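Going down the list, the protein sequences come from chains A, B and C. Each step along the first sequence adds one to the number in this note's numbering, with nothing skipped, and position 26 is 26. Position in the second sequence counted from 1, then plus 387, gives you this note's numbering. Position in the third sequence counted from 1, then plus 774, gives you this note's numbering. The C-beta atom is built at its ideal place from N, Cα and C for all residues, glycine as well. Here the structure is a predicted model, which is why all the values come from computation and not from measurement.
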Amino acid sequence: MSEAGFVDPVLLKQVKVGRDYVAAKYGFRNHWYPVLLSDELDEASPQTAQLCGERILLNRVDGVAYAIKDQCVHKGVPFSKKLECYSKGTVTCWYHGFTYRFSDGLLVGIVGMPHSNVIGRRHVKSYSVVERKGVIFVFVGDEGVEPPPLEHDVPPGFLDEGVAVRGRRQEVAANWRIGCENGFDSTHIFIHKNSRLIKDGDLALPLGLVPTGKESYRVEEDEGGPKGVYDIFSPETVMPVFEGKIGDETVLMGAVHGKNMLPHTISMWLPCALRVDPWPAPHLTQFEWYVPIDGERHTYFQFIATKATTGAEEQAFEREYRDKWIPSALDGFNKDDVWAREASQAFYADDSGWLREQLFEADANIVKWRRLAAKHHRGLQTPQHIL
Amino acid sequence: MSEAGFVDPVLLKQVKVGRDYVAAKYGFRNHWYPVLLSDELDEASPQTAQLCGERILLNRVDGVAYAIKDQCVHKGVPFSKKLECYSKGTVTCWYHGFTYRFSDGLLVGIVGMPHSNVIGRRHVKSYSVVERKGVIFVFVGDEGVEPPPLEHDVPPGFLDEGVAVRGRRQEVAANWRIGCENGFDSTHIFIHKNSRLIKDGDLALPLGLVPTGKESYRVEEDEGGPKGVYDIFSPETVMPVFEGKIGDETVLMGAVHGKNMLPHTISMWLPCALRVDPWPAPHLTQFEWYVPIDGERHTYFQFIATKATTGAEEQAFEREYRDKWIPSALDGFNKDDVWAREASQAFYADDSGWLREQLFEADANIVKWRRLAAKHHRGLQTPQHIL
Amino acid sequence: MSEAGFVDPVLLKQVKVGRDYVAAKYGFRNHWYPVLLSDELDEASPQTAQLCGERILLNRVDGVAYAIKDQCVHKGVPFSKKLECYSKGTVTCWYHGFTYRFSDGLLVGIVGMPHSNVIGRRHVKSYSVVERKGVIFVFVGDEGVEPPPLEHDVPPGFLDEGVAVRGRRQEVAANWRIGCENGFDSTHIFIHKNSRLIKDGDLALPLGLVPTGKESYRVEEDEGGPKGVYDIFSPETVMPVFEGKIGDETVLMGAVHGKNMLPHTISMWLPCALRVDPWPAPHLTQFEWYVPIDGERHTYFQFIATKATTGAEEQAFEREYRDKWIPSALDGFNKDDVWAREASQAFYADDSGWLREQLFEADANIVKWRRLAAKHHRGLQTPQHIL
């Protein structure tokens, strides 16, 4: 019923670029989102998650992951408030004994009312689930919509064979779009000027990147594939600035001496995924998702991927990921990003920030991302969807 | 001024059954409500309470209980923020010395402005109060409405001569209607399946009750008496289910072996009182009230009553109440109800739950209660009443 | 965008007296307000403040105080979240290196984007600042409005030569108008009946003041000077009441025996300043400001002033202020006022209190203040101003 927390329609009318993107405070519908890591979901151990404002309950049954809405259809209480499971693959509501199947949400019984008319007739919403590369993806979709292949909602490379992926997730107190724009923003490298990754990753990290004027973007919008925008960093498209000046005075120096000038491209993909390649080292690619929890928070997924064809290679990468890249990159570097997103939230919280912000030349890639998202998304999350 | 916290009129129009009941988020006006136990109010010791959103100040003067609105008419501050009483039966506002009589709310003086024109002309709202069975009842009524007899707003039996009553109260973080419906709901016995009262009360407690098809409700709506709905439990009307099944599999067993199959009736009464008879033992009756505090909380009164004609009988009952029924029934059994109500609050908090819930056969008594309350209540509490 | 926290226009239409005053929940625009004490702002040490809902950043550069809006124009983050200053008189936004001059708010550089088109073209809002008597005043004004002389917004006497001023500030959880009306209210002396200042200041403090019927107000509204209302206390205009009665019974006694019957006048000045003269002793004057922080809080400035022409006199006053008047008057007496304002806030919080209050004879001076403020203010703070 309530529209509280959604974007004011009067404000929305004043948005000139990417209106649907601004409207998508709770995310886009009919897309795949990562929701848990595979090793977070054990057999017969239901877990909760919140996704685009929807509260779901996941479980693994005979090895297969399922997701249903975490709300009994009878009186609306959450199953997860007091989990009761009496048979394989079902959850029983703690209040009146309504029992639902995880695989399709069907009401298969009512403990204490064995012959009720509603058994076999009612169902709780169930979600399509797929599991790839150690990640559980859930499709937040409308009734009757056939989910597209997962590949259409994941950046290129992530699902490739011969690629090993390791990652983690955390909650961030900022809208998901602030997450996207912080990740895809190239000028914000300014906040990383003292990062430990500069030394650990042997980086040459400038304070800024000045466009040369030559087109440095590439929009991917082919049917039958993921939709995204590339921002390309090469000597032809951008000039790195290592000497920070105010007027004529040099006030700061970037990190000049490392041997790795990375990344070569950053790209942003529907529904909310980033690819940084290569990063944080020449043989690695970083992938990130900024999955809407609600209008004010997102789940920040960080993945590092590399080529690995043998078990030994994968194990070596596992050690490298854990011992080097978690502390240096995922913590040491990206903690500044998490901080910056949370510091940006207040300005955009009532959505007036989308009208009050004053973009500049270096934000051109963000504008392209907003247009692409507004054009190719498959639906808007509305107040009705999160009840 | 503000309608915040009240039911959205657009939503209300979509309610098909018991619309006024759904509208009564803050309770019904022109009814009697229990507010304190008699032994909570000492002579000349003002106590505060909140009731249907209204904040009141009670005091006992020469043994008689009185109640006035806890808000000076001058600048609106609560007397209770800093109680100052300088003469018998009055309270003086700590801010400007406005002094009101508890018995009728009249402004009888202003300390420091002895000849003000407003003395004897203004008054703070005063409430009718009666005290019976160790309980202080307050009438939340409109100006000029003559309160009906207390008997019209209390379940049968509670006020009878030769009946001893003991009870207590606590605050519960759920709307008062959720309290009523949890108490009157017969299928929810499922949540009590592991209660210590099963053993302490020697109960045969099923997991559910299947209606036989024979009418098991009785509506009381005679003029000149309390208005309520009985749900009758007898071999003719319901079949207890002790064997909990999902499909063909028996997954749970109710408590079969106790000798007491209780209660015989549960009934729900305007404005917000429940009667469970007999309960928690064959010689006892339990009475409950779910008194609105505001839109999100209620005061839960629990009483146990028994026949007692002599002082010795009453003392013996007092010991039994304290040593056995408080720990076993009021705590041990009803704590599950308190928990369940608080767990249900989120779904109904914005009132959309009244449209989204999906009732089933066993909720027929609750539907009858909603109709009765919507038909026989004496007024709706509105935003203006709680300023 | 959001009007949340501002006065409901429907309610406002029902206000009969001083409508613009009731509308000014966040204060009046185009006025001077005290914001910090001079010794709270050191050279090159930016400090934040909030004023009429606007968040500002102050700094002292070569001894001169400046103030700019604490929000980067690019993406709206607060500079103060992580202060970075790389050259004299500038602040650099921690996010993308946008660098602004404190003196006029101009964007003078972007570290990492040295040739951006927006440099020298954009600016953050800057505020006029003056510093007098050890107090930093900021003008909360519209673009293009030339600030009037500070003297027009300060009570008579405060800025005089040969006057020494000492003071302090604290945050109070009440709207600024509640602060004004508590300070200017003469009947509220009732709350001070047990104040330690009665003994420390040798006061004869009555419980109330009864108007004799002779006009005791003087309205100052000359062009070219401050606008205010005097309430005059003299044997001709008011009769002090030392004996507090309810009916014929004497229930309380005021402080009769002190030799100082103070003050002689209390006066209230635009935008939000009080003058109590003499107070708390015959050779002193107390000045107070109730500066809006937002709609629910104000900064309470307390100053005591006295004649002092030599450094020795000023030093002696400094000791007297610190050792006697802080504990006795600013703490001991005014803590009751702070408490009373916070206790009044709930009633006026949704602004319905302005319609529900029931004033009486002794509130005539407050009504005059409301009329004066509504007539002579220079603008209303609106939701757009606080984004």
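CA nearest to the CA of residue i, picked from the options
i, options, result
"B/Glu705", "B/Ile691, B/Arg757 and B/Leu717", "B/Ile691"
"B/Tyr677", "B/Gly405, B/Val404, B/Gly414 and B/Arg406", "B/Gly414"
"C/Val1030", "C/His1038, C/Lys1149 and C/Leu981", "C/Leu981"
"A/Ala273", "A/Gly183, A/Val219 and A/Asp200", "A/Gly183"
"B/Val522", "B/Val532, B/Val541, B/Ser739 and B/Pro535", "B/Val541"
"A/Glu220", "A/Val229, A/Val15, A/Leu37 and A/Ala23", "A/Val229"
"C/Arg895", "C/Gly1106, C/His848, C/Gln1060 and C/Asp1105", "C/His848"
"C/Lys1142", "C/Trp1043, C/Pro1066 and C/Leu881", "C/Trp1043"
"C/Thr940", "C/Leu1161, C/Ile965, C/Phe1121 and C/Asp1097", "Checking the sequence shown, residue 940 of chain C turns out to be Arg, not Thr. Taking only the C-alpha atoms, the option nearest C/Arg940 is C/Asp1097."
"B/Gln673", "B/Gly682, B/Ala695 and B/Pro650", "B/Pro650"
"B/His670", "B/Gly682, B/Glu700, B/Asp429 and B/Leu398", "B/Glu700"
"A/Val172", "A/Ala164, A/Val108, A/Glu296 and A/Leu159", "A/Glu296"
"B/Lys469", "C/Thr1024, C/Asp1110 and C/Gly975", "C/Asp1110"
"A/Glu243", "A/Phe190, A/Asp200, A/Ala281 and A/Glu288", "A/Phe190"
"A/Tyr321", "A/Glu361, A/Pro9 and A/Gln302", "A/Gln302"
"B/Val511", "B/Thr696, B/Cys459 and B/Asp609", "B/Cys459"
"A/Gln14", "A/Glu84, A/Trp354, A/Val130 and A/Val108", "A/Trp354"
"B/Asp609", "B/Leu759, B/Thr769 and B/Pro770", "B/Leu759"
Integer Cβ distance of residue i from residue j, believed to fall under 8 Å
i, j, result
"A/Asp231", "A/Ser186", "6 Å"
"B/Tyr487", "C/Leu1026", "B/Tyr487 to C/Leu1026, Cβ: 16 Å. No contact."
"A/Lys214", "A/His376", "Going by Cβ atoms, the distance from A/Lys214 to A/His376 rounds to 26 Å, so no, they are not a contact pair."
"B/Arg519", "B/Tyr687", "That pair is no contact at about 19 Å."
"C/Gly871", "C/Ile884", "5 Å"
"C/Gln1155", "C/Ala938", "Incorrect: roughly 33 Å between the Cβ atoms, too far for contact."
"C/Ser1102", "C/Asp974", "4 Å"
Neighbourhood of residue i by C-beta distance below 8 Å, restricted to the same chain and skipping five residues each side
i, result
"B/Ile443", "Val422, Thr435, Ala436, Gln437, Ala454, Ile455, Lys456, Asp457, Tyr514 and Val525"
"C/Thr986", "Glu1010, Thr1011, Val1012 and Met1013"
"B/Pro534", "Asn417, Trp419, Ser515, Phe526 and Gly528"
"A/Glu54", "Lys69, Val140, His385 and Ile386"
"C/Gly837", "Glu817"
"C/Gly879", "Ile842, Lys843, His897, Val898, Lys899 and Ser900"
"B/Val495", "Thr477, Thr486, Tyr487, Arg488, Ile506 and Gly507"
"C/Tyr869", "Cys846, His848, Lys849 and Val851"
Beta-carbon proximity of residue i to residue j, cut-off 8 Å
i, j, result
"C/Asn949", "C/His1072", "yes"
"A/Tyr21", "A/Ala374", "yes"
"A/Gly391", "B/Val628", "Absent from the model: residue 391 of chain A. The displayed extent of chain A is 1 to 387, so no value can be given."
"B/Val478", "B/Phe466", "yes"
"A/Pro46", "A/Leu58", "yes"
"A/Phe333", "A/Leu197", "yes"
"A/Tyr217", "A/Asn117", "no"
"A/Ala343", "C/Val1050", "no"
"B/Ser739", "B/Leu398", "yes"
"A/Lys245", "C/Pro1045", "no"
"A/Leu159", "A/Val130", "no"
"C/Phe1052", "C/Trp1099", "At residue 1052 of chain C the sequence reads Pro, which differs from the Phe that was named. Contact flag unset, no."
Cutoff 7 Å; reference residue i; Cβ partners in own chain excluding five residues on either side
i, result
"B/Gly766", "Phe415, Arg416, Asn417 and Asp529"
"C/Gly998", "none"
"B/Arg757", "Val404, Gly405 and Tyr408"
"A/Gly5", "Gly295"
"C/His966", "Leu979, Phe1107 and Asp1110"
"C/Leu815", "Gln821, Leu832, Arg834, Ala839 and Ile910"
"A/Glu357", "none"
Close Cβ partners of residue i (< 6 Å) along its chain, the five nearest in sequence each way excluded
i, result
"A/Asp331", "none"
"B/Gly566", "Tyr677, His685 and Arg728"
"C/Glu1062", "Gly957, Leu1048 and Gln1076"
"B/Gly645", "Asp589, Leu590 and Ala591"
"A/Met1", "With a pLDDT of only 36 at A/Met1, under 50, the local geometry of the prediction cannot be trusted, and the value read off the model is given with reservation. For A/Met1, where only same-chain residues beyond five positions count, there are no Cβ hits under 6 Å."
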